[in-house]
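S.K.: One structure follows; several queries about it will come next.
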Amino acid sequence: MTRYGILIDITRCVGCYACEEACGERWGNPSLPDVHKLSEHKNTAIHTVDDVYVPAQCMHCADPTCASVCPVGAFEKTPEGPVIYDADKCMGCRYCLQACPFDVPTYQWHSLNPEVRKCDMCYDRIKKGEKPACVESCPAEARTFGALDDLIQEARNRIAADPGMYENHIYGVKEAGGTSVIFLSPKPFEQLGMKTNLPDHPLPTLTWAILSKIPNYVFWGSTLLAGIWWITNRRTEVQAYEAALLKLQERQNRKDGKNGHNQLSE
Amino acid sequence: MRALRLPRLTFWGTTFWIIIAAGLVSTFIRFTQGLGASTNLSDAFPWGLWIGFDILSGVGLAAGGFVVAASVYIFNLDRYKPILRPAILTAFLGYILVVFALMYDLGKPWNVWHPIIMWNPRSVMFEVGWCVMLYSTVLALEFSPIVFERLNMGWAKKAIHMISIPLVILGVILSSLHQSSLGSLFLIVPEKVYPLWYSSSLPYLFFLTAVAVGPAMVTIESFLSYRAFKKEIEIPILSQLAKVTGVALAVYLVLKIQDIMAYQLLPYILEFNTESLLYLGEILLGVLIPIGLVSLKKVRESRFGLFALSLLVVLGFILNRMNISVTAIERYSGMNYFPSWMEISVTLMVIALGFAAFRLAVKHLPIFEHPAESAPKEVPQYDVVSFHEVTK
Chain A
1 MTRYGILIDI TRCVGCYACE EACGERWGNP SLPDVHKLSE HKNTAIHTVD
51 DVYVPAQCMH CADPTCASVC PVGAFEKTPE GPVIYDADKC MGCRYCLQAC
101 PFDVPTYQWH SLNPEVRKCD MCYDRIKKGE KPACVESCPA EARTFGALDD
151 LIQEARNRIA ADPGMYENHI YGVKEAGGTS VIFLSPKPFE QLGMKTNLPD
201 HPLPTLTWAI LSKIPNYVFW GSTLLAGIWW ITNRRTEVQA YEAALLKLQE
251 RQNRKDGKNG HNQLSE
Chain B
267 MRALRLPRLT FWGTTFWIII AAGLVSTFIR FTQGLGASTN LSDAFPWGLW
317 IGFDILSGVG LAAGGFVVAA SVYIFNLDRY KPILRPAILT AFLGYILVVF
367 ALMYDLGKPW NVWHPIIMWN PRSVMFEVGW CVMLYSTVLA LEFSPIVFER
417 LNMGWAKKAI HMISIPLVIL GVILSSLHQS SLGSLFLIVP EKVYPLWYSS
467 SLPYLFFLTA VAVGPAMVTI ESFLSYRAFK KEIEIPILSQ LAKVTGVALA
517 VYLVLKIQDI MAYQLLPYIL EFNTESLLYL GEILLGVLIP IGLVSLKKVR
567 ESRFGLFALS LLVVLGFILN RMNISVTAIE RYSGMNYFPS WMEISVTLMV
617 IALGFAAFRL AVKHLPIFEH PAESAPKEVP QYDVVSFHEV TK
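Chains as they are written, first to last, in my numbering: chain A, 1 to 266; chain B, 267 to 658.
Below is the structure:
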């Protein structure tokens, strides 16, 4: 299975917001707010940082944090690359919003049957052989859709062809263990408000380090507790037995003493 | 015939009904207009007071149940037997209230049962969900003998008694798992949590504070029920409990110092910004002062001293949980989250319901009385008459 991805070249984005509109249409959100920020209405948005247009959307991580934290497994990393969400499973704990390293998922706060919203790389279109809506609508070819390996090669070629134009880093190849959406930038990524303090390993490894110990803990923990109970319980029993024995002995002694006394007096 | 009389107006009674009324209004708004209308939560700040207080603190405050159950059943420390029932009651009520409050916070509360059939063993929340579910069942079973005793159902009580040891072991395992896992929830956001609170030992820190705060809650309840019903636990037992709290806090302090060194937190602590002041407040109020107090014999042996000590531990504990869930995330999120009046009133209602339920239970169930096992067995009474008198 080819693993797909999107290459976003920040140097090419002209800030026309065509992608926001195409995305809104795809998701059935006709009237979009003027705020250019990810929200329940916008699964992609163009941030403006120091006069640079920076597209934002789900990064489709190789090992997605959202999929790992969700208690009901409502997120799934598909073999094609997109991370998709099943609203029917979701119970609305919003751990995905809290945990996503890229702050992507948003919530329908004003709905009585609220769903998490995030880009799904137009999974349905991909499966039909089409491109995601945002890629197709971009007049500046700032977004390129294709096999992720090809995209990484393409990004390298662009940097090599014009090293003066590009920051020598492809964002998303290593960040949080790698993502299916990768970025090229004209300047250092932290200056564009993108997180550069993420580890190179997938974040779920942090919790898995603890969670994987649980089966062992349950087995050895309960064995240990049962053992402690057996010892303390046995001690109590022995104490009670010894006390009873002592009493019996005393009574016996007293009896013997009495008999002895009687014998003496006879 | 009894004369018709208006119920007596008391300060606490009035407060209670005001809180309930406000809580019901908020409940109405929450379930007719959604989370957005009733809370100050947002995409950047998705967890607030309901998670920080009602869930994270609530579960911890109910930890007395497993600590005392383990002491009595597993370690055979019979001297703790008189506090077993108040502790189990607190835990049982605590978990019911946690689940109750969760219904407000979940976007789709009707899907709360989904983790039963939709598994994701990689999720800390999944594990917490399962543990809370199983442990609530264990607590219901541990609590049931008290009800059976009241209903004179000796056979049912006997049946529970037969499985009590496995039940308690299961309870201890489940509790230690999810108490610590509530801390693991934050392991996955190392770059979002303010450095003062992030630590790879978060699960252990959460577990230790739970062990410390559980007995403190039992002590507070004993004090309150003494004032209300003149029913209480003997001071020597409570001062033993205070020592348990002291030891747990001391170990916690060692881990905290280790974190300060490992993560080089000193510069952050000495910055004296909001975070550092709240951090210092939590450590002083909930750890250092209580450890100091518990080492004083005078405090350990007075009813009021024990109460004050326990109150500090509980307040420090709540501050700690709120700091981790709210303060620690605020700077990253760039939001100034403060709960809406509706969030606050729902939380107050949950607390008020807890107090009311505890009061009702103490009034109508044999909670603070010595349980029947330790009471003298009912032996047929015979008049002892000297043999000579009969044959006379």
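Note that beta-carbon positions come from the ideal geometry of N, C-alpha and C, so glycine has one too. These figures come from a predicted structure and were not determined experimentally.
(1) With burial defined as no fewer than 16 other Cβ atoms inside 10 Å of the residue's Cβ, what is the status of lysine 423(B): buried or exposed?
(2) Which bits of chain A does tryptophan 316(B) rub up against, with CB to CB less than 9 Å?
(3) Taking C-alpha atoms, which residue in Arg493(B), Gly552(B), Val434(B) lies nearest to valine 333(B)?
(4) Looking at chain B, which residues of the segment 217 to 236 of chain A have a Cβ within less than 8 Å of any of its Cβ atoms?
(5) Need the endpoints of the alpha helix (DSSP H) that glutamine 299(B) sits in, please.
(6) Is glycine 107(A) close to chain B, meaning its C-beta is less than 8 Å from at least one C-beta of that chain?
(7) For the segment 108 to 124 of chain A against the segment 302 to 317 of chain B, do three or more pairs of beta-carbon atoms, one drawn from each stretch, fall closer than 8 Å, so that the two count as touching?
(8) Would you say histidine 427(B) reaches chain A, if we count a Cβ-Cβ gap shorter than 8 Å as a contact?
(9) Any idea what DSSP makes of isoleucine 228(A), helix, strand or coil?
(10) For the ligand NAD, I want to know if glutamine 191(A) counts as a neighbour, meaning its beta carbon is within less than 7 Å of at least one of the ligand's heavy atoms.
(11) Is there a Cβ from chain A that is less than 8 Å from the Cβ of tyrosine 339(B)?
(12) Please list, in chain order, the residues of the segment 603 to 619 of chain B that have any C-beta partner in chain A closer than 8 Å.
(13) If you measure between the beta carbons of isoleucine 412(B) and arginine 351(B), is that distance less than 8 Å?
(14) Take the Cβ of aspartate 22(A) as the centre, count every other Cβ of all protein chains shown within 10 Å, and call the residue buried at 16 or more, exposed below.
(15) I'd like to know if serine 389(B) contacts chain A, where contact means its C-beta is closer than 8 Å to some C-beta of that chain.
(16) Determine the chain B residues that contact methionine 91(A) at a beta-carbon separation under 7 Å, and present them in chain order.
(17) Near proline 637(B), what residues of its chain come up, given a Cβ to Cβ distance below 6 Å and the 5 sequence neighbours on each side ignored?
(18) Could you spell out where the alpha helix (DSSP H) holding arginine 493(B) opens and where it closes?
(19) Taking one C-beta from the segment 372 to 392 of chain B and one from the segment 330 to 345 of chain B each time, how about it: are there three or more such pairs within less than 8 Å?
(20) Since asparagine 342(B) meets chain A, which of its residues come closer than 8 Å, beta carbon to beta carbon?
(21) Check tyrosine 17(A) in the structure and name its three-state DSSP category.
(22) Just to confirm the assignment, what range does the alpha helix (DSSP H) spanning glutamate 76(A) have?
(23) What residue range is occupied by the uninterrupted alpha helix (DSSP H) comprising valine 83(A)?
(24) Using a Cβ-Cβ cut-off of 6 Å (strictly less than) and excluding sequence neighbours within five positions of proline 646(B), which residues of its own chain qualify?
(25) Which of the three DSSP states, helix, strand or coil, is assigned to valine 338(B)?
(26) Answer yes or no: do cysteine 58(A) and cysteine 16(A) have a C-beta to C-beta separation smaller than 8 Å?
(27) Give me whichever residues DSSP pairs with leucine 184(A) in a beta bridge.
(28) Measure from the alpha carbon of arginine 296(B) to the alpha carbon of each residue in Leu585(B), Ile617(B), Ile610(B), Leu578(B), then state which is nearest.
(29) Return the CA-CA distance between proline 348(B) and proline 64(A), expressed in angstroms with no decimal places.
(30) Strictly below 8 Å CB to CB, what residues from chain A border leucine 359(B)?
(31) Would you identify the three-state DSSP class for serine 39(A), choosing helix, strand or coil?
(32) Identify the residues that DSSP records as bridge partners of proline 55(A): which are they?
M.R.: The answer reads as follows:
(1) Here residue 423(B) corresponds to residue number 157 of the second sequence, with the count starting at 1. Buried, since its Cβ has 16 or more Cβ neighbours within 10 Å.
(2) On the second sequence, residue 316(B) is found 50 positions in, with the first residue counted as 1. Under the 9 Å cutoff, chain A gives no residues; its nearest Cβ is about 11 Å from tryptophan 316(B).
(3) Start at 1 with the first residue of the second sequence, and residue 333(B) comes out as number 67. Minimum Cα distance to valine 333(B) is reached at Val434(B).
(4) Tyr217, Val218, Gly221, Ser222, Leu225, Ala226, Ile228, Trp229, Thr232, Asn233, Arg235, Thr236
(5) Taking the second sequence and counting its residues from 1, the one referred to as residue 299(B) is at position 33. Unbroken alpha helix (DSSP H) run through glutamine 299(B): 277 to 299.
(6) Counting from one through the first sequence, the residue named residue 107(A) turns up at place 107. First, the amino acid is wrong: residue 107(A) is tyrosine here, not glycine. Judged by the 8 Å Cβ criterion, tyrosine 107(A) is in contact with chain B.
(7) yes
(8) Taking the second sequence and counting its residues from 1, one reaches residue 427(B) at position 161. With 8 Å as the cut-off, histidine 427(B) does not count as an interface residue toward chain A.
(9) To locate residue 228(A), count along the first sequence from 1; it is residue 228. Helix.
(10) As presented, the structure is devoid of all ligands, the ligand NAD included, so that no description of it is given.
(11) If you number the second sequence from 1, residue 339(B) lands on position 73. So yes, tyrosine 339(B) belongs to the interface.
(12) none
(13) In the second sequence, residue 412(B) corresponds to position 146, counting from 1. In the second sequence, residue 351(B) corresponds to position 85, counting from 1. Against a cut-off of 8 Å, the Cβ pair of arginine 351(B) and isoleucine 412(B) comes out as a contact.
(14) In the first sequence, the residue the question calls residue 22(A) occupies position 22. It should be pointed out that residue 22(A) corresponds to alanine in this sequence rather than to aspartate. Flag for alanine 22(A) reads buried.
(15) Against the second sequence, residue 389(B) aligns to sequence position 123. Interface residue, yes.
(16) As a first step, residue 91(A) must be located in the first sequence, where it is residue number 91. Within chain B, the residues near methionine 91(A) are Leu372, Lys374, Asn377, Val378, His380.
(17) One-based indexing of the second sequence puts residue 637(B) at position 371. Here proline 637(B) scores only 47 on pLDDT, less than 50, and its place in the model is too uncertain to base an answer on.
(18) Residue numbering aside, residue 493(B) sits at position 227 when the second sequence is read from its first letter. Per DSSP, arginine 493(B) belongs to the alpha helix (DSSP H) from 468 to 495.
(19) no
(20) Numbered from its first residue, the second sequence carries residue 342(B) at position 76. Under the 8 Å cutoff, chain A gives Trp229, Thr232, Asn233, Arg235, Thr236.
(21) Within the first sequence, residue 17(A) is the residue found at index 17, counting from 1. In the structure shown, tyrosine 17(A) sits in coil (DSSP, three-state: anything other than H, G, I, E or B).
(22) Mapped onto the first sequence, residue 76(A) falls at position 76. Where glutamate 76(A) is concerned, there is no enclosing alpha helix (DSSP H), although the beta strand (DSSP E) it sits in stretches over 75 to 77.
(23) Along the first sequence, read from residue 1 onward, the residue named residue 83(A) stands at position 83. Per DSSP, valine 83(A) belongs to no alpha helix (DSSP H); it is in the beta strand (DSSP E), 83 to 85.
(24) Reading the second sequence from its first residue, position 380 is the one you call residue 646(B). Unreliable placement is indicated for proline 646(B), whose pLDDT of 45 sits below 50; the coordinate value is still reported in the next sentence. Closer than 6 Å at Cβ, skipping near neighbours: no residue.
(25) The residue given as residue 338(B) occupies position 72 in the second sequence. In the structure shown, valine 338(B) sits in a helix (DSSP, three-state: H, G or I).
(26) Here residue 58(A) corresponds to residue number 58 of the first sequence, with the count starting at 1. Here residue 16(A) corresponds to residue number 16 of the first sequence, with the count starting at 1. It is not a contact, given that the beta carbons lie outside the stated cut-off.
(27) Working through the first sequence from its first residue, we reach residue 184(A) at position 184. The partner list for leucine 184(A) (beta bridge, DSSP) reads Asp9(A).
(28) As a working mapping, residue 296(B) is identified with position 30 in the second sequence. Here the closest residue by C-alpha is Ile610(B).
(29) Position 82 of the second sequence, counted from the first residue, corresponds to residue 348(B). Position 64 of the first sequence, counted from the first residue, corresponds to residue 64(A). So the two alpha carbons sit approximately 50 Å from each other.
(30) For the purposes of this step, residue 359(B) is identified with residue 93 of the second sequence, where counting begins at 1. Here the premise fails: no neighbours, minimum Cβ distance about 23 Å.
(31) Translated into the one-based positions of the first sequence, residue 39(A) becomes position 39. Strand, per DSSP.
(32) If you number the first sequence from 1, residue 55(A) lands on position 55. Ile46(A), per the DSSP bridge assignment.
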